[in-house]
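In what follows, a structure is listed as structure tokens, so that the remarks can point back to it.
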């Protein structure tokens with residue numbers, strides 16, 4: 001008999017920022033040649049977010065297997081009108097096991113409970129599995145951006161938006 005490992009979902013904890021940065025670098029470094037500029041962007045953004053989380057508007061969520069963080073998603077509700085979905089990442093060893101869907105389901109439950117009317121996110125072409133998950137959770141592609149090589153390999157940015165039902 002095969003036993004599936006249980007996934008635990010929880011909020012901010014010591015070491016989470018560093019692990020989320022490592023997950024991003026371990027994926028985007030080898031697959032997209034994102035380097036030091038991307039790491040600095042992550043360190044600055046996640047560090048600032050973690051220092052000011054407002055639990056009424058913001059969500060910092062991690063997924064863990066056997067006590068190890070294997071994924072994350074955040075909702076940054078600091079905007080005056082819109083919230084932003086950020087730092088959605090999974091360890092490649094858990095792809096296809098429903099953890100990404102679990103993270104996004106919980107994030108969207110939070111969004112609705114917090115009363116956010118619109119949530120946006122930025123991603124890029126080539127991250128097809130993530131885009132399918134965003135669409136499954138009600139996000140729609142609203143903008144295609146010019147190719148950008150800020151972090152390494154040139155990528156074509158995509159903006160997705162979700163709107164609350166009236």
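In UniProt numbering, the protein residues as written are 1 to 166.
Every residue, glycine too, gets a C-beta built ideally from N, C-alpha and C.
With respect to residue 118, residue 163 sits close: the two C-beta atoms are nearer than 7 Å. In this structure, DSSP gives residue 10 an extended state, which the three-state scheme calls strand. In the structure shown, the three-state DSSP call for residue 124 is strand. 7 Å or more divides the Cβ of residue 72 from the Cβ of residue 21. When secondary structure is reduced to three states using DSSP, residue 151 falls in the coil class, being assigned neither helix nor strand. Residue 155 holds the alpha-carbon nearest to the alpha-carbon of residue 145 among 155, 55, 89, 138. Under the DSSP assignment, residue 86 falls in the beta strand (DSSP E) whose first and last residues are 83-90.
Assignment of residue 112 by DSSP, reduced to helix, strand and coil, places it in the helix class.
Of the candidates 76, 98, 161, 76 places its Cα closest to the Cα of residue 49. DSSP places residue 76 within a strand segment (E or B) once states are collapsed to three.
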